[in-house]
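A.B. asks:
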Amino acid sequence: MTMATVQTPPKISAQGVNVFYGDTHAVDNVSLDLYQDEVTALIGPSGCGKSTFLRCLNRMNDTIADCRVSGQILLDDEDIYASQIDVVQLRARVGMVFQKPNPFPKSIYDNVAYGPRIHGLADTREDLDEIVAVSLEKAGLWDEVKDRLDHLGTTLSGGQQQRLCIARAIAIDPEVILMDEPCSALDPIATAKVEALIEELKGGYAIILVTHSMQQAARISQKTAFFHLGQLIEFGDTTQIFTSPTSGRTRDYITGRLV
Amino acid sequence: MTSLPNLKKRWGRPQVQRRLRRRYIYERIFRMLGLAAIGVAGLALATLIVSVGKNAFGGFVQTSIDVDIYLNPEDLRPSSARYRHDFAERVESADMRKLLADALERQFPDIDTDSERRRALQLFSLQARRTLRDYITATPEKIGQTVRMRLLASDDVDQVVKGNIDPRVPESDRRVKDKELAWLAALRADGRISRQLSTTFFTGGDSREPEIAGIFGAIIGSVLTLLVTLLTAFPIGTLAAIYLEEFSPQNRLTAFIEVNINNLAAVPSIVFGLLGLSLFLSILELPRSSPLVGGLTLALMTLPTIIIASRASLRAVPQGLRTAAQGLGASPMQVVFHHVVPSAMPGILTGTIIGLSRGLGETAPLLMIGMVAFVVSTPNALTDAATVLPVQIFLWADSPERAFVEKTSAAILVLLGFLLAVNALAVWLRQRFEVHIPD
Ligand SMILES: Nc1ncnc2c1ncn2[C@@H]1O[C@H](COP(=O)(O)OP(=O)(O)OP(=O)(O)O)[C@@H](O)[C@H]1O
Ligand SMILES: [Mg+2]
Numbered sequence: 038m039t040m041a042t043v044q045t046p047p048k049i050s051a052q053g054v055n056v057f058y059g060d061t062h063a064v065d066n067v068s069l070d071l072y073q074d075e076v077t078a079l080i081g082p083s084g085c086g087k088s089t090f091l092r093c094l095n096r097m098n099d100t101i102a103d104c105r106v107s108g109q110i111l112l113d114d115e116d117i118y119a120s121q122i123d124v125v126q127l128r129a130r131v132g133m134v135f136q137k138p139n140p141f142p143k144s145i146y147d148n149v150a151y152g153p154r155i156h157g158l159a160d161t162r163e164d165l166d167e168i169v170a171v172s173l174e175k176a177g178l179w180d181e182v183k184d185r186l187d188h189l190g191t192t193l194s195g196g197q198q199q200r201l202c203i204a205r206a207i208a209i210d211p212e213v214i215l216m217d218e219p220c221s222a223l224d225p226i227a228t229a230k231v232e233a234l235i236e237e238l239k240g241g242y243a244i245i246l247v248t249h250s251m252q253q254a255a256r257i258s259q260k261t262a263f264f265h266l267g268q269l270i271e272f273g274d275t276t277q278i279f280t281s282p283t284s285g286r287t288r289d290y291i292t293g294r295l296v
Numbered sequence: 013m014t015s016l017p018n019l020k021k022r023w024g025r026p027q028v029q030r031r032l033r034r035r036y037i038y039e040r041i042f043r044m045l046g047l048a049a050i051g052v053a054g055l056a057l058a059t060l061i062v063s064v065g066k067n068a069f070g071g072f073v074q075t076s077i078d079v080d081i082y083l084n085p086e087d088l089r090p091s092s093a094r095y096r097h098d099f100a101e102r103v104e105s106a107d108m109r110k111l112l113a114d115a116l117e118r119q120f121p122d123i124d125t126d127s128e129r130r131r132a133l134q135l136f137s138l139q140a141r142r143t144l145r146d147y148i149t150a151t152p153e154k155i156g157q158t159v160r161m162r163l164l165a166s167d168d169v170d171q172v173v174k175g176n177i178d179p180r181v182p183e184s185d186r187r188v189k190d191k192e193l194a195w196l197a198a199l200r201a202d203g204r205i206s207r208q209l210s211t212t213f214f215t216g217g218d219s220r221e222p223e224i225a226g227i228f229g230a231i232i233g234s235v236l237t238l239l240v241t242l243l244t245a246f247p248i249g250t251l252a253a254i255y256l257e258e259f260s261p262q263n264r265l266t267a268f269i270e271v272n273i274n275n276l277a278a279v280p281s282i283v284f285g286l287l288g289l290s291l292f293l294s295i296l297e298l299p300r301s302s303p304l305v306g307g308l309t310l311a312l313m314t315l316p317t318i319i320i321a322s323r324a325s326l327r328a329v330p331q332g333l334r335t336a337a338q339g340l341g342a343s344p345m346q347v348v349f350h351h352v353v354p355s356a357m358p359g360i361l362t363g364t365i366i367g368l369s370r371g372l373g374e375t376a377p378l379l380m381i382g383m384v385a386f387v388v389s390t391p392n393a394l395t396d397a398a399t400v401l402p403v404q405i406f407l408w409a410d411s412p413e414r415a416f417v418e419k420t421s422a423a424i425l426v427l428l429g430f431l432l433a434v435n436a437l438a439v440w441l442r443q444r445f446e447v448h449i450p451d
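If you read the protein sequences in the order shown, they are chains P and V. Numbers 38 to 296, taken from our numbering, label the letters of the first sequence in order. Numbers 13 to 451, taken from our numbering, label the letters of the second sequence in order.
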């Protein structure tokens, strides 16, 4: 397994990425390869730049006024910061689930159907119905909402909203899924469902997952990257990071001593 | 880590209790001040409604006098000078004054001079002769009979009947003299004086005769003018706001534009009238006094309000909504028109309606573009000469006849009704577009 992935080229390759918010140096010279069929966990203390780095991968940082990104990020060997890249298409290929649930103030159905609609992915009404149902099913929300698809997505509970956002993201079948603490508002049952979903999605997608739960990282990721103060301290196989980290800071963080 | 000071002990101090009591007192004072403010506002509103309403009621009703008129065939013969064979034309040329004056003479045997006949005739509105003529044209079979007709009284009579003319004032200071008062008393004793809801007020245009002056022309003028304002200011204003807020780069030029828009909102409305005068009348040579020019001028005035309100409500749309749509690969336009604008719609509409309400009540800029003219006819097109409700109110308030005081109040009531309707529409639209946005 590990042998095979090493030989295939990386899905995303970040080289020397720096991010500044005005004068704040939020991500400091990070280089990282992310592979298809793998879950990569980004861990690190709060404020270390995990979300910022994640947002570079689908250029969501473009929308922040005083944010500057330098370095190179290749998606399938193509520089996503090159001038000929269509950011809108890029974001359809690299989907994102945000740290804070942000459903549209529309019905549950329309929330999930929005992506397929604007990209013209459904040919018929039945087609769209199926995409919506399967996406909700995968996100572990179908049973709870199947009788009230016309209710506002914003009336769901926080955890349900987050799963709705996951369903919305996978409904357009992206190649890469960026997840920023998708389970931070979920109960253990829903968390297990999302983890099962990630497990299932792994084949065919590259998944990058920011998490504060060491157990979660250990359970479902194949690679782990440890960030501290904007720098990538250590990156490698999850088992190796959790059993024999090379950096003392990584060891301290994993064992709960680094604050 | 340093430890907190002993807060337990501090909680027990008398200062804490005093502070709590003081807080309660402040709460109560604030609530009372709030109630007082609402009370004052309510009182002011009630005073306005009562004072306007009291007068306005008179403006909605008009006095009529019942008279027995002998439709004398002699007076309706073809005149000897010219042979007329068309009946309508003959009635047209017949002297309705004579028919009416003869009837009055029978009613009041004390009339014997020509000048008294004239004074008796002046009990009636000019409209009375038209009513009589129309009646004869419509029912020629009644010629030769005596018919009882209900004819519109003049504005002076109307004022006497409504008690607005004090008979104790010396005769020389009164518009209605003792003679007329005596005639009216006799008519009243006979039960010939009545008051009806004035349909002319709601269906007619302006007139020099207060008893037949109507508000309809001004209503249509206002509607047409506001339609032009809405159709120009709303799209231009919202598109400008959307562009400035969502698409434009933040640079010196946009900052400069923003400052200017904010300043324009504070410019006195008459200045927009001057702008409209030079732009639409002098340069573009559009028709004067027309709803088209009035509407465009009000649109100039309303634009800053709409832009500022729209921008504020666009800015209030949570950023998460934009990032959510962007994250799904929505294009900037899709983000804005699928998500941001619908969420901002209630605020945008509120701003638009506030602007329109202001336009509905505006007089000064319209005076500048000639909408102050005396317009009798109801406008049929955007380019017809027209007047609007507030200008009509202004014109009537300026008229010397006592009867126009009532008309003015009645027109104010109609204008207030319109404002209420526009605002009710705003509330309805706001609720219709209201969406629940998570924070
Ligand atoms: N929009 C922004 N403008 C300015 N500074 C920002 C912005 N977003 C993040 N930062 C700064 O960048 C640094 C990294 O933030 P980031 O959100 O990436 O942290 P994080 O690792 O995701 O933390 P958490 O685990 O708490 O979500 C922080 O110091 C933060 O203050
Ligand atoms: Mg974060």
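Every residue gets a Cβ at the ideal spot worked out from N, C-alpha and C, and that includes glycine.
Please state the DSSP three-state secondary structure of M133 (chain P).
C.D. replies: Numbered from its first residue, the first sequence carries residue 133 (chain P) at position 96. M133 (chain P): strand per DSSP, three-state reduction.
A.B. asks: So, is P391 (chain V) buried or exposed, given that buried needs 16 or more other C-beta atoms within 10 angstroms?
C.D. replies: On the second sequence, position 379 is the one that residue 391 (chain V) refers to. The residue is buried, with at least 16 neighbouring Cβ atoms inside 10 Å.
A.B. asks: In chain V, which residues lie with their C-beta within 9 Å of the C-beta of T45 (chain P)?
C.D. replies: On the first sequence, residue 45 (chain P) is found 8 positions in, with the first residue counted as 1. None at all; the shortest Cβ gap to chain V is about 26 Å.
A.B. asks: Decide if Q29 (chain V) is buried, meaning its Cβ has at least 16 other Cβ atoms within 10 Å, or exposed.
C.D. replies: On the second sequence, position 17 is the one that residue 29 (chain V) refers to. Answer is exposed; the Cβ neighbour count stays below 16.
A.B. asks: Buried or exposed: which applies to S284 (chain P), given that a residue is buried once 16 or more other Cβ atoms fall within 10 Å of its Cβ?
C.D. replies: Within the first sequence, numbered from 1, the residue matching residue 284 (chain P) stands at position 247. It is exposed - the Cβ of S284 (chain P) has fewer than 16 other Cβ atoms within 10 Å.
A.B. asks: Just the residues with CB closer than 7 Å to a heavy atom of ligand 2, in chain order, which are they?
C.D. replies: In chain order, the qualifying residues are P:K87, P:S88, P:Q136, P:D217, P:E218, P:V247.
A.B. asks: So the beta strand (DSSP E) L215 (chain P) belongs to, where does it begin and stop?
C.D. replies: Your numbering for residue 215 (chain P) matches position 178 in the first sequence. Start and end: 213–217.
A.B. asks: Chain P partners of T335 (chain V), CB-CB under 8 Å?
C.D. replies: Against the second sequence, residue 335 (chain V) aligns to sequence position 323. Within 8 Å Cβ-Cβ: M97, T100, F135, N139.
A.B. asks: Could you please give the first and the last residue of the uninterrupted beta strand (DSSP E) stretch that includes R105 (chain P)?
C.D. replies: Looking up residue 105 (chain P) in the first sequence gives position 68. First-last of the beta strand (DSSP E) with R105 (chain P): 104–112.
A.B. asks: How far does the alpha helix (DSSP H) with F72 (chain V) in it reach, from first residue to last?
C.D. replies: Against the second sequence, residue 72 (chain V) aligns to sequence position 60. That run of the alpha helix (DSSP H) goes 26–72.
A.B. asks: Flag G84 (chain P) as yes when its Cβ comes closer than 6 Å to any non-hydrogen atom of ligand 1, and as no otherwise.
C.D. replies: Reading the first sequence from its first residue, position 47 is the one you call residue 84 (chain P). G84 (chain P) Cβ: within cutoff of ligand 1.
A.B. asks: Is it the case that the Cβ atoms of T241 (chain V) and L310 (chain V) are separated by a distance below 7 Å?
C.D. replies: Taking the second sequence and counting its residues from 1, one reaches residue 241 (chain V) at position 229. Taking the second sequence and counting its residues from 1, one reaches residue 310 (chain V) at position 298. It is a contact, given that the beta carbons lie within the stated cut-off.
A.B. asks: To which residues of the same chain is E181 (chain P) closer than 7 Å at the C-beta, ignoring the five residues directly before and after it?
C.D. replies: Taking the first residue of the first sequence as 1, we reach residue 181 (chain P) at position 144. Here the set comprises Q197.
A.B. asks: Starting from S206 (chain V), trace the beta strand (DSSP E) in both directions and tell me its first and last residue.
C.D. replies: What you label residue 206 (chain V) is simply residue 194 of the second sequence in a count that begins at 1. Segment 205–209, the beta strand (DSSP E) holding S206 (chain V).
A.B. asks: Can you say whether S92 (chain V) is buried or exposed, counting buried as having 16 or more other CB atoms within 10 angstroms of its CB?
C.D. replies: The sequence position of residue 92 (chain V) within the second sequence is 80, counting from 1. No answer about S92 (chain V) holds up, because its pLDDT of 49 lies below 50 and its placement is not dependable.
A.B. asks: Can I282 (chain V) and A376 (chain V) be called in contact, C-beta distance under 7 Å?
C.D. replies: Residue numbering aside, residue 282 (chain V) sits at position 270 when the second sequence is read from its first letter. Residue numbering aside, residue 376 (chain V) sits at position 364 when the second sequence is read from its first letter. Their beta carbons are under 7 Å apart, which means I282 (chain V) touches A376 (chain V) by this criterion.
A.B. asks: Which residues bound the beta strand (DSSP E) around T261 (chain P)?
C.D. replies: Residue mapping note: residue 261 (chain P) aligns to position 224 of the first sequence, counting from 1. Residues 260–265.
A.B. asks: Taking just the CA atoms, how far does F349 (chain V) sit from W440 (chain V)?
C.D. replies: Locating residue 440 (chain V) in the second sequence gives position 428, where the first residue counts as 1. Locating residue 349 (chain V) in the second sequence gives position 337, where the first residue counts as 1. Roughly 22 Å between the two C-alpha positions.
A.B. asks: Check whether the Cβ of T100 (chain P) lies closer than 6 Å to any heavy atom of ligand 1, and answer yes or no.
C.D. replies: Within the first sequence, the letter at position 63 stands for residue 100 (chain P). Flag unset: Cβ of T100 (chain P) not near ligand 1.
A.B. asks: For F268 (chain V), does the count of other Cβ atoms within 10 angstroms reach 16, so buried, or fall short, so exposed?
C.D. replies: Stepping through the second sequence from its first residue, residue 268 (chain V) is reached at position 256. Label assigned to F268 (chain V): exposed.
A.B. asks: Suppose the cutoff is 7 Å on Cβ atoms and the five residues either side in sequence are ignored; what does the same chain contact list for T14 (chain V) look like?
C.D. replies: As a position in the second sequence, residue 14 (chain V) is number 2, starting the count at 1. Answer for T14 (chain V): no residue qualifies.
A.B. asks: Pull up the distance between the alpha-carbon of R444 (chain V) and that of L437 (chain V), whole angstroms please.
C.D. replies: Walking along the second sequence from the start, residue 444 (chain V) turns up at place 432. Walking along the second sequence from the start, residue 437 (chain V) turns up at place 425. If you take the alpha carbons of R444 (chain V) and L437 (chain V), they lie about 10 Å apart.
A.B. asks: Any heavy atom of ligand 1 within a distance shorter than 6 Å of the CB on D61 (chain P)?
C.D. replies: Counted from its first residue, the first sequence places residue 61 (chain P) at position 24. A small correction: the amino acid at residue 61 (chain P) is Thr; Asp does not occupy that position in the sequence shown. T61 (chain P): yes, Cβ under 6 Å from ligand 1.
A.B. asks: If you measure between the beta carbons of D70 (chain P) and G240 (chain P), is that distance less than 7 Å?
C.D. replies: Taking the first residue of the first sequence as position 1, residue 70 (chain P) is located at position 33. Taking the first residue of the first sequence as position 1, residue 240 (chain P) is located at position 203. For D70 (chain P) and G240 (chain P), no; Cβs fall outside 7 Å.
A.B. asks: So does Y290 (chain P) have its beta carbon nearer than 6 Å to some heavy atom of ligand 1?
C.D. replies: Here residue 290 (chain P) is taken as the residue at index 253 of the first sequence, counted from 1. No, the Cβ of Y290 (chain P) stays beyond 6 Å of every heavy atom of ligand 1.
A.B. asks: Nearest to L112 (chain V) by alpha carbon, out of V:S210, V:V62, V:L427, V:A165?
C.D. replies: In the second sequence, counting from the first residue as 1, residue 112 (chain V) sits at position 100. Nearest of V:S210, V:V62, V:L427, V:A165 to L112 (chain V), Cα basis: V:A165.
A.B. asks: Using a cut-off of 8 Å between C-beta atoms, extract the partners of Q126 (chain P) located in chain V.
C.D. replies: Looking up residue 126 (chain P) in the first sequence gives position 89. Correct list: G341.
A.B. asks: Just to check, is the beta-carbon of Y242 (chain P) closer than 6 Å to a non-hydrogen atom of ligand 1?
C.D. replies: In the first sequence, the residue the question calls residue 242 (chain P) occupies position 205. No, since every heavy atom of ligand 1 falls outside the 6 Å radius drawn around the Cβ of Y242 (chain P).
A.B. asks: List the residues of chain P whose Cβ lies closer than 7 Å to the Cβ of Q443 (chain V), in chain order.
C.D. replies: For the purposes of this step, residue 443 (chain V) is taken as the residue at position 431 of the second sequence. What Q443 (chain V) touches in chain P: nothing, since even the nearest Cβ is about 15 Å away.
A.B. asks: Counting only beta-carbon separations shorter than 7 Å, does G332 (chain V) have a partner in chain P?
C.D. replies: Along the second sequence, one-based indexing puts residue 332 (chain V) at 320. With 7 Å as the cut-off, G332 (chain V) counts as an interface residue toward chain P.
A.B. asks: Which residue comes first and which comes last in the alpha helix (DSSP H) that contains D202 (chain V)?
C.D. replies: Sequence index remark: in the second sequence, residue 202 (chain V) carries index 190 (1-based). D202 (chain V) -> no alpha helix (DSSP H), and no H or E assigned at all.
A.B. asks: Excluding the 5 residues flanking A328 (chain V) on each side, which residues of the same chain have their C-beta closer than 8 Å to its C-beta?
C.D. replies: By one-based count along the second sequence, residue 328 (chain V) stands at place 316. For A328 (chain V), where only same-chain residues beyond five positions count, the Cβ hits under 8 Å are A356, G359.
A.B. asks: Less than 6 Å separating the Cβ of Y58 (chain P) from some heavy atom of ligand 1?
C.D. replies: Stepping through the first sequence from its first residue, residue 58 (chain P) is reached at position 21. Yes, ligand 1 has a heavy atom inside 6 Å of this Cβ.
A.B. asks: Can you tell me which of P:S107, P:M97, P:T45, P:L178 puts its alpha carbon nearest to the alpha carbon of V301 (chain P)?
C.D. replies: The question about residue 301 (chain P) has no answer, for chain P in this structure spans 38 to 296.
A.B. asks: Taking the alpha carbon of S50 (chain P) as the reference point, which residue from P:R105, P:I80, P:Y118, P:M97 has its own alpha carbon closest?
C.D. replies: Mapped onto the first sequence, residue 50 (chain P) falls at position 13. For S50 (chain P), the nearest C-alpha among the options comes from P:Y118.
A.B. asks: Taking the alpha-carbon of A422 (chain V) as reference, which of V:A68, V:L368, V:G51, V:P316 has the nearest alpha-carbon?
C.D. replies: By one-based count along the second sequence, residue 422 (chain V) stands at place 410. Comparing Cα-Cα distances from A422 (chain V) to each of V:A68, V:L368, V:G51, V:P316, the minimum goes to V:A68.
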